[in-house]
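A.B. asks: Residue numbers (our numbering), protein chains in the order written: chain A, 7 to 135; chain B, -1 to 121; chain C, 1350 to 1707.
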Amino acid sequence: MQGEIMDIGLDNLLGETARIKVEGYRFVTISCVEINEIRMELLYHFDRNFQLKHLRLSISRDCRAPSISPVYFAAFLVENEIQDLFGIRFHGLTVDYDRTLYLEKDVKTAPFCKFAVVEKSPVCEEKTP
Amino acid sequence: MFTMTSTILRNLLKEPATRRYPASVRPSFEAARGEIRNDIHVCTFCGVCAVKCPSQCITVDRKAADWSYDPSACVQCGVCAEVCTSGSLQQARDYRKPVRKKELVVLKGATTPPKHSDPPVTG
Amino acid sequence: MTRTIIPFGPQHPVLPEPIHLMLTLDDEVITEAVPAFGFVHRGLEKLVEIRDFHQMIYVVERICGICSMLHAMCYCQGIEEMMGIETPPRARFLRVIWSELHRMHSHLLWLGLFADSFGFESLFMQFWKIREKILDIDEATTGNRIIVSVNVIGGVRKDLTLEQTRGILSELKSVETELKRLETTILNDYTVQNRTVGKGVLTAKQAYELGLVGPTLRASGVMQDARMLKYAAFDDIAFTPVVETDGDCYARCKVRFREVFQSIDLIRQAIGKLPNGEIAVKVKGRPDGEVTSRVEQPRGEVFYYIRANGTKHLERLRVRTPTFANVPALLTMLPGAGLSDVPVIVLSIDPCISCTER
Ligand code: SF4
Ligand code: SF4
Chain A
7 MQGEIMDIGL
17 DNLLGETARI
27 KVEGYRFVTI
37 SCVEINEIRM
47 ELLYHFDRNF
57 QLKHLRLSIS
67 RDCRAPSISP
77 VYFAAFLVEN
87 EIQDLFGIRF
97 HGLTVDYDRT
107 LYLEKDVKTA
117 PFCKFAVVEK
127 SPVCEEKTP
Chain B
-1 MFTMTSTILR
9 NLLKEPATRR
19 YPASVRPSFE
29 AARGEIRNDI
39 HVCTFCGVCA
49 VKCPSQCITV
59 DRKAADWSYD
69 PSACVQCGVC
79 AEVCTSGSLQ
89 QARDYRKPVR
99 KKELVVLKGA
109 TTPPKHSDPP
119 VTG
Chain C
1350 MTRTIIPFGP
1360 QHPVLPEPIH
1370 LMLTLDDEVI
1380 TEAVPAFGFV
1390 HRGLEKLVEI
1400 RDFHQMIYVV
1410 ERICGICSML
1420 HAMCYCQGIE
1430 EMMGIETPPR
1440 ARFLRVIWSE
1450 LHRMHSHLLW
1460 LGLFADSFGF
1470 ESLFMQFWKI
1480 REKILDIDEA
1490 TTGNRIIVSV
1500 NVIGGVRKDL
1510 TLEQTRGILS
1520 ELKSVETELK
1530 RLETTILNDY
1540 TVQNRTVGKG
1550 VLTAKQAYEL
1560 GLVGPTLRAS
1570 GVMQDARMLK
1580 YAAFDDIAFT
1590 PVVETDGDCY
1600 ARCKVRFREV
1610 FQSIDLIRQA
1620 IGKLPNGEIA
1630 VKVKGRPDGE
1640 VTSRVEQPRG
1650 EVFYYIRANG
1660 TKHLERLRVR
1670 TPTFANVPAL
1680 LTMLPGAGLS
1690 DVPVIVLSID
1700 PCISCTER
């Protein structure tokens, strides 16, 4: 894959994103990949002068991830999409559609997941900094 | 004012940009990807087309020697005709005519004569 | 002053596709705009689980009709990179020719729709008349008007004969003359200027921070065009992105209009340098690993993230389409604009909702 990849955790995600923004990167997108029944992977892609930079965050399915939309406003759309399609919830979203961006209100499943899970309220929150 | 006059004159003298469709029909281009036709007497029922078709609208039953195709699910990509091992599957230049209801095209090989109303066309 | 909420869309005369905007108005001025999607979501990314990686070419083409060729090209380039396939030079030039034809017909479509958004219907008709010529070239050379399906992994499926390239060049000549005739209207007409100049202004800093792409970003003065990545044959073709600095709807219109001429020039260069030889190489094996791929679509940079695991089905295909990146611009541009400018501003990002929702 083109560009440098960096592994990050839930606690330094926002810090890294803010640093990347200061370095003058443009937000490209977030890709969500389902790894297995428990783990999901979020890849944050950034670009500066056609040099890509990726942050790789491994997250448990029932964890809430912090939203990077306060840093990069444009991220709200893709985070809402991931909420809809993969069922990972984000907190601190600037515009939260609450899983109704693509889905109907009463849908509780995550249509893009291979392992069917019915939504329940997230059990673990990341430690408050 | 002068530009307007020249535009008016040009528009009056030129033929219209559109055609009166049912009365004048432009012939299809040579490369146009139209209807899929199978010459069932040549088909070997190998099933390659069914595997390669991206919209999975072809089914081949080797034992019963029948080849069926769902024209309303077909995306006219032409992959099946490209991969056909016997050359029996051809893509015609012309598009299918509109139909009133969705129908499968079922072609029976060898023993029984084709059911499809159009006679199969050889390339 | 009363506060009113007006729903804009999902079915609106100026929008060919369904997007819904909830507009909060203070008298005539918009104070807040919240977009809503989900009317054409098809879940095409999920199809990787049942279609193999060759069949996916035809699926990604159908993400969006207007950029179909460029979606397939981006996907194929990604898989080629993953599998270490070197495409023959002729295939790379042919890809440039067809992709630029696509850009032309997309921009002409947009110019027409844009003229229509402020009620200039005869201009709309003229642009679409010219666009028909490009579609005829597409059909004569590839077999289809819009979904050209020419890309395969390892090259292209169709070749251009010498007569065909001559035909393209002579058609382009007449397209160019007709477009020149419209230039004064679209760029200098009082009506057009009145409706577009100073509307929906985005500064370069704003545009960059919102992560915008394509003409929307270039109209704000940021030189960012994925063709500068020199994919396909762009390393052999002279190319400088079209940039405007005003950042309003008029500047976006100007960028797209000038890009049509640029595409004509690029096609001429590509045809002039078209090398002889193979158009595709045989592909063996299965993709494995992960890769990102980018190309410049008419609406901006498209981003593919592909992850494969050595089987014939990919593990994940993620598509970030240009409109998806441009939607946040609406939330910034609309507040403060008048209600009558909403169609013009919404169209100025060239929204493609099928792309956005996939
Ligand atoms: S043209 Fe394409 S979609 Fe139609 S039957 Fe052939 S392979 Fe399938
Ligand atoms: S690939 Fe050709 S020969 Fe084989 S089943 Fe299809 S039509 Fe028949």
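Beta carbons are placed, not taken as given, at the ideal position from N, Cα and C, and that holds for glycine.
For Gln88 of chain B, verify whether its CB is less than 7 Å away from any heavy atom of ligand 1.
C.D. replies: To locate residue 88 of chain B, count along the second sequence from 1; it is residue 90. No - ligand 1 has no heavy atom lying nearer than 7 Å to the Cβ of Gln88 of chain B.
A.B. asks: I'd like the span of the alpha helix (DSSP H) that includes Arg1441 of chain C, first residue to last.
C.D. replies: Within the third sequence, the letter at position 92 stands for residue 1441 of chain C. Its alpha helix (DSSP H) spans residues 1438 to 1466.
A.B. asks: Give me, in chain order, the residues of the same chain whose beta-carbon lies closer than 7 Å to that of Gly9 of chain A; leave out the 5 immediate sequence neighbours on both sides.
C.D. replies: Stepping through the first sequence from its first residue, residue 9 of chain A is reached at position 3. Within the same chain, Gly9 of chain A has close Cβ partners Gln57, Leu58, Lys59, His60.
A.B. asks: Skipping 5 residues on each side, what residues in its chain have a beta carbon closer than 6 Å to that of Gly21 of chain A?
C.D. replies: The residue given as residue 21 of chain A occupies position 15 in the first sequence. Excluding sequence neighbours, Gly21 of chain A sits near nothing in its chain.
A.B. asks: Report the residues of the stretch 58 to 73 of chain B with a CB closer than 9 Å to any CB of chain C, ordered along the chain.
C.D. replies: So the list reads Val73, given in the order they occur along the chain.
A.B. asks: Can you find a C-beta in chain C that's less than 8 Å from the C-beta of Cys82 of chain B?
C.D. replies: For the purposes of this step, residue 82 of chain B is taken as residue 84 along the second sequence, with counting starting at 1. No, Cys82 of chain B does not count as interfacial toward chain C.
A.B. asks: Would you list the residues whose beta-carbon is nearer than 7 Å to any heavy atom of ligand 3, in the order they occur in the chain?
C.D. replies: This structure lacks ligand 3; its bound ligands are ligand 1 and ligand 2.
A.B. asks: Distance cutoff 8 Å, beta carbons only. Does Arg1400 of chain C sit that close to anything in chain A?
C.D. replies: Here residue 1400 of chain C refers to the residue found at position 51 of the third sequence. No, because no Cβ of chain A sits closer than 8 Å to the Cβ of Arg1400 of chain C.
A.B. asks: Tell me whether Pro1359 of chain C sits in a helix, a strand or coil according to DSSP, three-state version.
C.D. replies: Here residue 1359 of chain C is taken as the residue at index 10 of the third sequence, counted from 1. Coil at Pro1359 of chain C, not helix or strand.
A.B. asks: Are the C-beta atoms of Met12 of chain A and some chain C residue less than 8 Å apart?
C.D. replies: One-based indexing of the first sequence puts residue 12 of chain A at position 6. False, the Cβ-Cβ gap to chain C never drops below 8 Å.
A.B. asks: For chain C, check one thing: does any of its Cβ atoms lie closer than 8 Å to the Cβ of Pro111 of chain B?
C.D. replies: Here the question's residue 111 of chain B lines up with position 113 in the second sequence. Here the model assigns Pro111 of chain B a pLDDT of 43, short of 50, so the residue's position is not dependable, and the following value carries that caveat. It does not; no Cβ of chain C falls within 8 Å.
A.B. asks: Would you list, in chain order, the members of the stretch 27 to 46 of chain B that have their beta-carbon closer than 7 Å to a beta-carbon of chain C?
C.D. replies: Of all residues in the stretch 27 to 46 of chain B, Phe27, Ala29, Ala30, Arg31 have a Cβ within less than 7 Å of some Cβ in chain C.
A.B. asks: Any beta carbon of chain A sitting closer than 8 Å to that of Leu1559 of chain C?
C.D. replies: Taking the first residue of the third sequence as 1, we reach residue 1559 of chain C at position 210. It does; some Cβ of chain A falls within 8 Å.
A.B. asks: Report the neighbours of Cys75 of chain B on chain C: residues whose CB is nearer than 7 Å to its CB, in chain order.
C.D. replies: Position 77 of the second sequence, counted from the start, is the residue given in the question as residue 75 of chain B. Neighbours of Cys75 of chain B on chain C, chain order: Tyr1407, Ser1498.
A.B. asks: Going along chain C in order, which residues have a C-beta closer than 7 Å to the C-beta of Tyr50 of chain A?
C.D. replies: Mapped onto the first sequence, residue 50 of chain A falls at position 44. Under the 7 Å cutoff, chain C gives no residues; its nearest Cβ is about 11 Å from Tyr50 of chain A.
A.B. asks: Can you tell which of C:Leu1458, C:Phe1442, C:Leu1374, C:Glu1527 has the C-alpha that lies nearest to the C-alpha of Ala1619 of chain C?
C.D. replies: Residue numbering aside, residue 1619 of chain C sits at position 270 when the third sequence is read from its first letter. Nearest option by C-alpha distance: C:Phe1442.
A.B. asks: If we define contact as Cβ-Cβ less than 8 Å, is Asn1658 of chain C a contact residue for chain B?
C.D. replies: Along the third sequence, one-based indexing puts residue 1658 of chain C at 309. Closer than 8 Å: no.
A.B. asks: Should Cys1708 of chain C and Ile1415 of chain C be called a contact, given that it needs their Cβ atoms to be closer than 8 Å?
C.D. replies: Residue 1708 of chain C cannot be examined here, being either before or after the span of chain C that is shown, 1350 to 1707.
A.B. asks: Do you know whose CA, among C:Arg1391, C:Leu1536, C:Leu1458, lies nearest Thr1545 of chain C's CA?
C.D. replies: The residue given as residue 1545 of chain C occupies position 196 in the third sequence. It is C:Leu1536.
A.B. asks: Let me see if you follow: with CB-CB separation under 8 Å, is Asn1537 of chain C close to chain B or not?
C.D. replies: Along the third sequence, one-based indexing puts residue 1537 of chain C at 188. Not closer than 8 Å to any Cβ of chain B, the Cβ of Asn1537 of chain C fails to qualify, so no.
A.B. asks: Looking only at C-alpha atoms, which of B:Lys99, B:Tyr19, B:Gln88 sits nearest to Arg35 of chain B?
C.D. replies: Counting from one through the second sequence, the residue named residue 35 of chain B turns up at place 37. Comparing Cα positions, the closest option is B:Gln88.
A.B. asks: Compare the C-beta of Ala1629 of chain C against all C-beta atoms of chain B and say whether one is closer than 8 Å.
C.D. replies: Working through the third sequence from its first residue, we reach residue 1629 of chain C at position 280. It does not; no Cβ of chain B falls within 8 Å.
A.B. asks: What do you get for Ala15 of chain B, buried or exposed, if any count of 16 or more other CB atoms within 10 angstroms of its CB means buried?
C.D. replies: Residue mapping note: residue 15 of chain B aligns to position 17 of the second sequence, counting from 1. Counting Cβ neighbours within 10 Å, Ala15 of chain B comes out exposed, since fewer than 16 surround it.
A.B. asks: Looking only at its own chain, which residues have a Cβ that is under 6 Å from the Cβ of Cys1425 of chain C, when we skip the five neighbours before and after it?
C.D. replies: For the purposes of this step, residue 1425 of chain C is identified with residue 76 of the third sequence, where counting begins at 1. So the list reads Asn1500, Ile1502, once near-sequence residues are dropped.
A.B. asks: Report yes or no: is there a C-beta of chain B within less than 8 Å of the C-beta of Gln1404 of chain C?
C.D. replies: Within the third sequence, the letter at position 55 stands for residue 1404 of chain C. Output row for Gln1404 of chain C: interface = yes.
A.B. asks: Using the beta-carbon of each residue, which ones in chain A are nearer than 8 Å to Ala1674 of chain C?
C.D. replies: For the purposes of this step, residue 1674 of chain C is taken as the residue at position 325 of the third sequence. Simply Val34, Thr35, Ala80.
A.B. asks: Would you mind reading off the limits of the alpha helix (DSSP H) that contains Phe1473 of chain C?
C.D. replies: For the purposes of this step, residue 1473 of chain C is taken as the residue at position 124 of the third sequence. Taken as a continuous stretch (DSSP letters only), the alpha helix (DSSP H) holding Phe1473 of chain C covers 1470 to 1491.
A.B. asks: In angstroms with no decimal places, state the Cα-to-Cα distance between Ser66 of chain B and Arg60 of chain B.
C.D. replies: Residue 66 of chain B sits at position 68 when you count from the first residue of the second sequence. Residue 60 of chain B sits at position 62 when you count from the first residue of the second sequence. Their backbone Cα atoms lie some 11 Å apart in a straight line.
A.B. asks: Name, please, each residue of chain C whose Cβ falls closer than 8 Å to the Cβ of Leu83 of chain A.
C.D. replies: Mapped onto the first sequence, residue 83 of chain A falls at position 77. Ordered by position in chain C, the residues that pass the 8 Å Cβ test against Leu83 of chain A are Phe1673, Val1676, Pro1677.
A.B. asks: Would you tell me roughly how many angstroms separate the C-alpha atoms of Gly1570 of chain C and Glu29 of chain A, rounded to the nearest one?
C.D. replies: Locating residue 1570 of chain C in the third sequence gives position 221, counting from the first residue. Locating residue 29 of chain A in the first sequence gives position 23, counting from the first residue. Cα-Cα distance, rounded: 20 Å.
A.B. asks: Of the choices B:Ala90, B:Cys82, B:Cys55, whose alpha-carbon is the least far from that of Val104 of chain B?
C.D. replies: Taking the second sequence and counting its residues from 1, the one referred to as residue 104 of chain B is at position 106. Minimum Cα distance to Val104 of chain B is reached at B:Cys55.
A.B. asks: Pull the bridge partners of Pro1647 of chain C from the DSSP assignment, please.
C.D. replies: Here the question's residue 1647 of chain C lines up with position 298 in the third sequence. DSSP output for Pro1647 of chain C lists no bridge partner at all.
A.B. asks: Touch check for the stretch 24 to 39 of chain B and the stretch 85 to 100 of chain B: three-plus C-beta pairs under 8 Å?
C.D. replies: Taking 8 Å as the limit for Cβ pairs, the verdict is that the stretch 85 to 100 of chain B does touch the stretch 24 to 39 of chain B.
A.B. asks: Determine which residues of the stretch 1635 to 1663 of chain C have a Cβ less than 9 Å from any Cβ of chain A, and write them out in chain order.
C.D. replies: Here the close residues are Gly1638, Glu1639, Val1640, Thr1641, Ser1642, Arg1643, Glu1650, Phe1652, Tyr1654, Arg1656.
A.B. asks: Between Asn36 of chain B and ligand 2, is there a pair consisting of the residue's CB and a ligand heavy atom that are separated by less than 7 Å?
C.D. replies: Counting from 1 along the second sequence, the entry for residue 36 of chain B is found at position 38. Yes - ligand 2 has a heavy atom lying nearer than 7 Å to the Cβ of Asn36 of chain B.
A.B. asks: For Gln8 of chain A and chain C, any beta-carbon pair shorter than 8 Å?
C.D. replies: One-based indexing of the first sequence puts residue 8 of chain A at position 2. Yes - at least one Cβ of chain C is within 8 Å of the one on Gln8 of chain A.
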